[in-house]
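Take a look at the structure below.
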Ligand SMILES: Cc1ncc(COP(=O)(O)O)c(C=O)c1O
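In my numbering, the protein residues as written are 166 to 582.
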């Protein structure tokens, strides 16, 4: 490798034109499904047509009794919290390291998000969860970060011992599993996002999964109304009189988004199978390079590879700052390499440091500050995210990205001098 670093005018290691990665894969099947839906109807008031087909398919895929589609993952999370009866003064333990919507519905409900640190994988650390339980704790919400399922056995032991609800934000982890059991089926209820780059995508949208009839009825009443609620909540139920209005909010998914998601779901396992093969290649190629740690995937765990996180180790590259390492890789043409921004420890967001200008009635909110979640903050600071391709035709890009990493790590002294 003779060329100087591209940052200093050398030839970039990657010359393939952008974009190097797009998601979801939009095949002619997806396009046909959207066109067919356009003709079948673009507003669906009840559980019929593509809504029923997709909810049935989600139930079958996850082996759960109820799936309710929503307009977004944020809406799904909001409905889960409401449906579980979480309200003013209730404490919910949530990961410090997650996308903020895992926790923000709690601010609207008068509940208190109690942040807990992550472990070396970036997922919620059960040991830290235990330390945060108080007499006011009612639930633990866990995110399967970047598609790696969290330690659900241990979390379930903890929540069972303390009689707490266990909830999942499985937005990154559609199709991921632990010994064959799918992410989103370990707790009392789970929320998923179907937003653009998610492993299962409808462009926009979300859904809730639960086996619990009462949670299901409440999810319906929270974001749906009239026909859906009247048809699906038994006339004998105490809440049946509210079925015309529900709680007055509307969180329905667009039928065209449902058509996209249904078409994607039929290919999800095939796509993830492809991703797993390519993730193995990337991990084998980068493992052992100085300056980065490529995490292991535990036995029995199937990752969805929403992102492949490389943990940067500056001490192995003469203290080279992560920003400089990242800039050098970008200059080499690693266009899809990312340092996640909005998905970051929640204590770094103004919303969690000083919520009252936006939530004036929430003087009871704990205020968070930088430095409180050292593991989450270090994980985030040093996280470099690669996409994981699913097609064999993309394998040359893996080779090109590997060459870029090898070049920069072998010439790191040029960056530190
Ligand atoms: C972990 C997680 N939860 C929730 C959401 C919110 O989903 P949506 O954008 O569909 O509202 C996201 C979106 O990026 C996410 O990454």
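Ideal Cβ positions, reconstructed from N, Cα and C, are used throughout, including at glycine.
Residue i, DSSP secondary structure in three states
i           : result
residue 231 : strand
residue 547 : coil
residue 440 : helix
residue 372 : strand
residue 256 : strand
residue 199 : helix
residue 469 : coil
residue 296 : helix
residue 477 : strand
residue 346 : strand
residue 282 : coil
residue 396 : helix
residue 487 : helix
residue 251 : coil
residue 493 : helix
residue 354 : strand
residue 560 : helix
residue 384 : helix
residue 409 : coil
residue 447 : helix
residue 216 : helix
residue 583 : A query on residue 583 cannot be resolved here, the shown segment of the chain reaching from 166 to 582 and no further.
residue 390 : coil
residue 527 : coil
Classification of residue i by the beta-carbon crowding that lies within 10 angstroms, buried from 16 upward
i           : result
residue 434 : exposed
residue 555 : buried
residue 538 : buried
residue 512 : buried
residue 336 : buried
residue 380 : buried
residue 535 : exposed
residue 378 : exposed
residue 430 : buried
residue 428 : buried
residue 237 : buried
residue 322 : exposed
residue 469 : buried
residue 333 : buried
residue 205 : exposed
residue 282 : buried
residue 418 : buried
residue 387 : buried
residue 165 : Examination of residue 165 is not possible in this model, given that the chain is present from 166 through 582 alone.
residue 445 : exposed
residue 438 : exposed
residue 525 : exposed
Proximity test, residue i beta-carbon vs ligand 1 heavy atom, cut-off 7 Å
i           : result
residue 376 : no
residue 334 : yes
residue 545 : no
residue 288 : no
residue 244 : no
residue 350 : no
residue 337 : yes
residue 512 : no
residue 264 : yes
residue 360 : yes
residue 269 : no
residue 237 : yes
residue 371 : yes
residue 180 : no
residue 408 : no
residue 508 : yes
residue 532 : no
residue 308 : yes
Contact with chain B by residue i, beta-carbon distance below 8 Å
i           : result
residue 242 : In the structure shown, chain B cannot be found, because there is only a single protein chain.
Bridge-paired residues (DSSP) for residue i
i           : result
residue 306 : 332
residue 510 : 262
residue 289 : 283
residue 360 : 368
residue 459 : 475
residue 503 : 550
residue 207 : In DSSP, residue 207 forms no bridge with anything.
residue 277 : 256
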